[in-house]
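Trainee:
Protein chains: 2
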Amino acid sequence: MIGVYSSSANVSERLAAPPSLAISTVIFALRPSAATARPTLWMPLVRRIREPFKGQWALPGGPLSHTESLQDAASRNLRETTGLAPSYLEQLYAFGGLHRSPTQRVVSIVYWALVQPTEAALAAESENVKWFRADRLDQLAFDHNDIVDYALGRLRSKVAYSSVAYHLLGEYFTLAQLREVYEAVLDRQLDPANFRRQVRSTPEIQETDQYLQGGKHRPPRLYRFTGRPGLDQDNRSTP
Amino acid sequence: MIGVYSSSANVSERLAAPPSLAISTVIFALRPSAATARPTLWMPLVRRIREPFKGQWALPGGPLSHTESLQDAASRNLRETTGLAPSYLEQLYAFGGLHRSPTQRVVSIVYWALVQPTEAALAAESENVKWFRADRLDQLAFDHNDIVDYALGRLRSKVAYSSVAYHLLGEYFTLAQLREVYEAVLDRQLDPANFRRQVRSTPEIQETDQYLQGGKHRPPRLYRFTGRPGLDQDNRSTP
DNA sequence: TTAGTTCAGGTCAAATTGACTATAACTAAG
DNA sequence: CTTAGTTATAGTCAATTTGACCTGAACTAA
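In structure tokens form, the structure reads like this:
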């Protein structure tokens, strides 16, 4: 009885079928942009190997298996398609417009993830998995451009009022690196001195007695984020 | 081919089936609490007329028809089960835990709504539809207590940083009435003078030359909210 | 040795917030 | 008719936060 609405069914049968349910993920990571040394937001996309939108780039995603929760499905799919283990994962939105897919009604529950630079660096690229700058995407499959825009908005607002930015960095970071994250996400310059004052006043930030060596100028102090990780129970918000 | 997983299928068949998709809504309205005159948050619930959880109270909801968007489904279901037309409607969260329903895997896309007092007053109560205080619910069906808690959290945070509170009031209101909304939702007292100063500094608030008559004391001025309504295209956030 | 750059710590005025006081305008009790 | 009681409205003042800016420290590279 499973798979009744598989590829053997014709289009009208699929349109009449109950909406199918898929999980997709928008994955953000920081990478140095090509020209300048400043980090910018990148995301991995997968090439579609079947119709519709065959050959076009799309968000990693897949069907929801009946033995896993939504978050587990997003996490698994992330790992399988891109090899990445995110440091932050949160539900974004359920997209259920009528004509998202030309061949059938699909409701996509979309998650968004942040991965640390080390993770992002060793993520394998291939013929069908490539990284793109989040702010310079061309036409994606389905409504995935809209979804990415929505995710970018969520990332920006969350960076502004919560402490998600740390999940785009490794364990130790300098205040300049942290500021560059904010500048990349919010897309505006921040005053280094005022930024420093603000960050140092948050209790979750711990100063270490380590300094980053090898730079061209005065070695900056390294800091740590001691808040709770982005993957624990409380991040799921709900059972 | 439609309806394969209907009530004629047995439990194991339903558990193996693809997760079914439902839409539910958490509806908030302000009503005067029984004892004091202060308004408090209430919500309509519907009694389940079939298993599982037969006889228990639950959030209004139903299946997603394939000809309507998620928001339209929520809106229609709201109207059909409670007769209400909300002044604000927004997606809350997609709940997809494995054991939300004992008999089958259900993924619920939950919306939350605000309705104005006039609407809420003439909403019909019946044997199977009753209003309850949002902060004093006993055991609901499924995981609906968790969902209500999550919706309350969202309402509180949105009231604090956005202008949703106005959708719990009618077109004209006094600053005291508005303050009572904030106090009911945030569950703490606010200084009337400071609250007044803040509200009057927001450009979306327009003072009228009308005063509320018939009170016991000095008649307060009436104000209007001129921001955009809670149901337009932009509230949907996404296509 | 020196110029150039970033790091780090600080000042200062403007804006915002919370606590509080005073007056105005009405109702209801006497 | 007068006055006490209550809410509406307006304002003050200190504490806190924010944005703009300055100065010296610490390093590299020429």
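Listed in order, the protein sequences are those of chains A and B.
Quick note on numbering: the first sequence equals residues 2 to 240 in our numbering.
Quick note on numbering: the second sequence equals residues 2 to 240 in our numbering.
All C-beta atoms in this analysis are idealised placements derived from N, C-alpha and C, irrespective of residue type, glycine included.
Are the C-beta atoms of residue 110 of chain B and some chain A residue less than 8 Å apart?
Mentor: Closer than 8 Å to some Cβ of chain A, the Cβ of residue 110 of chain B qualifies, so yes.
Trainee: Quick one: using the 10 Å Cβ neighbour count with 16 as the cut-off for buried, is residue 161 of chain B buried or exposed?
Mentor: Its Cβ having fewer than 16 others within 10 Å, residue 161 of chain B is exposed.
Trainee: Consider the Cβ of residue 102 of chain B: report whether some Cβ of chain A lies at a distance smaller than 8 Å.
Mentor: No, its Cβ sits nowhere closer than 8 Å to a Cβ of chain A.
Trainee: Which runs of the beta strand (DSSP E), 3 residues or longer, sit entirely within the stretch 20 to 62 of chain B?
Mentor: Fully enclosed beta strand (DSSP E) runs of 3 or longer: 21 to 33, 40 to 48.
Trainee: Taking its Cβ as the centre, do 16 or more other Cβ atoms sit within 10 Å of residue 72 of chain A, making it buried, or is it exposed?
Mentor: It is buried - the Cβ of residue 72 of chain A has at least 16 other Cβ atoms within 10 Å.
Trainee: Applying a beta-carbon distance threshold of less than 7 Å, which residues of chain A neighbour residue 95 of chain B?
Mentor: Ordered by position in chain A, the residues that pass the 7 Å Cβ test against residue 95 of chain B are 71, 92, 95, 110.
Trainee: Judging by CA-CA distance, which residue of A/151, A/102, A/120, A/107 is the nearest neighbour of residue 87 of chain A?
Mentor: For residue 87 of chain A, the nearest C-alpha among the options comes from A/120.
Trainee: Report all residues from its chain with a CB closer than 8 Å to the CB of residue 228 of chain B; omit the five preceding and five following residues, and keep chain order.
Mentor: Hits under 8 Å: 164, 167, 205.
Trainee: Quick check: is the beta carbon of residue 231 of chain A nearer than 8 Å to any beta carbon in chain B?
Mentor: By this cut-off, residue 231 of chain A is not an interface position.
Trainee: Using a beta-carbon distance cut-off of less than 7 Å, what residues from the stretch 141 to 173 of chain B approach chain A?
Mentor: Residues passing the 7 Å Cβ filter: 144, 147, 151.
Trainee: At which residue ranges does the stretch 136 to 184 of chain B contain complete alpha helix (DSSP H) runs of 4 or more residues, listed in the order of the chain?
Mentor: Fully enclosed alpha helix (DSSP H) runs of 4 or longer: 145 to 162.
Trainee: If you compare alpha carbons, which of B/56, B/179, B/32 is closest to residue 140 of chain B?
Mentor: Out of B/56, B/179, B/32, B/56 has the C-alpha closest to the C-alpha of residue 140 of chain B.
Trainee: Give the range of the beta strand (DSSP E) segment to which residue 209 of chain A is assigned.
Mentor: Run containing residue 209 of chain A: 206 to 212, per the beta strand (DSSP E) assignment.
Trainee: For residue 199 of chain B, which three-state DSSP category applies?
Mentor: Note: residue 199 of chain B maps to helix in three-state DSSP.
Trainee: From the beta carbon of residue 138 of chain B, is the nearest beta carbon of chain A less than 8 Å away?
Mentor: Taking Cβ atoms only, chain A never reaches closer than 8 Å to residue 138 of chain B, which makes this a no.
Trainee: Taking 8 Å as the CB-CB cut-off, is residue 19 of chain B touching chain A?
Mentor: Cβ-Cβ to chain A under 8 Å: yes for residue 19 of chain B.
Trainee: Taking only runs of the beta strand (DSSP E) that begin and end inside the stretch 105 to 137 of chain B, which ones reach a length of at least 3 residues, in chain order?
Mentor: Runs of the beta strand (DSSP E) inside the stretch 105 to 137 of chain B: 107 to 115, 130 to 134.
Trainee: Which of the three DSSP states, helix, strand or coil, is assigned to residue 190 of chain B?
Mentor: Of the three classes helix, strand and coil, the one that applies to residue 190 of chain B here is coil, per DSSP.
Trainee: Do we get a CB-CB distance below 8 Å when we pair residue 67 of chain A with the residues of chain B?
Mentor: Cβ-Cβ to chain B under 8 Å: yes for residue 67 of chain A.
Trainee: Identify which residue in B/27, B/20, B/22, B/21 has its Cα closest to the Cα of residue 153 of chain B.
Mentor: Here the closest residue by C-alpha is B/27.
Trainee: Run through chain A and tell me which residues come within less than 7 Å of residue 106 of chain B, C-beta to C-beta.
Mentor: Under the 7 Å cutoff, chain A gives 67.
Trainee: Just to confirm, is the Cβ distance from residue 181 of chain A to residue 32 of chain A under 8 Å?
Mentor: In this structure, residue 32 of chain A does not lie closer than 8 Å to residue 181 of chain A by Cβ.
Trainee: So, helix, strand or coil for residue 223 of chain A, using DSSP?
Mentor: In the structure shown, residue 223 of chain A sits in a strand (DSSP, three-state: E or B).
Trainee: Tell me which residue opens and which closes the beta strand (DSSP E) that residue 99 of chain B is part of.
Mentor: Element bounds for residue 99 of chain B: n/a, residue is neither H nor E.
Trainee: With 16 other CB atoms within 10 Å as the buried threshold, where does residue 123 of chain A fall?
Mentor: It counts as exposed.
Trainee: Cβ of residue 145 of chain B within 8 Å of Cβ of residue 74 of chain B?
Mentor: No.
Trainee: Could you list which residues in chain A have their beta carbon closer than 9 Å to that of residue 62 of chain B, in chain order?
Mentor: Chain A residues near residue 62 of chain B: none, gap ~14 Å exceeds 9 Å.
Trainee: Considering only C-alpha positions, which residue in the set B/213, B/94, B/189, B/42 is nearest to residue 24 of chain B?
Mentor: Answer by Cα proximity: B/94.
Trainee: May I have the straight-line CA-CA distance separating residue 221 of chain B from residue 211 of chain B, to the nearest angstrom?
Mentor: The straight-line gap from Cα to Cα measures roughly 9 Å.
Trainee: Within the 8 Å Cβ cut-off, does residue 99 of chain B reach chain A?
Mentor: Yes, because at least one Cβ of chain A sits closer than 8 Å to the Cβ of residue 99 of chain B.
Trainee: Mind the definition here: the stretch 94 to 114 of chain A touches the stretch 126 to 142 of chain B only if three or more C-beta pairs lie below 8 Å; say whether that holds.
Mentor: Verdict: no, contact absent.
Trainee: Which first and last residues belong to the alpha helix (DSSP H) in which residue 83 of chain A is found?
Mentor: Residue 83 of chain A -> alpha helix (DSSP H) spans 71 to 83.
Trainee: Is the Cβ-Cβ distance between residue 67 of chain A and residue 20 of chain B less than 8 Å?
Mentor: Yes. Within cutoff.
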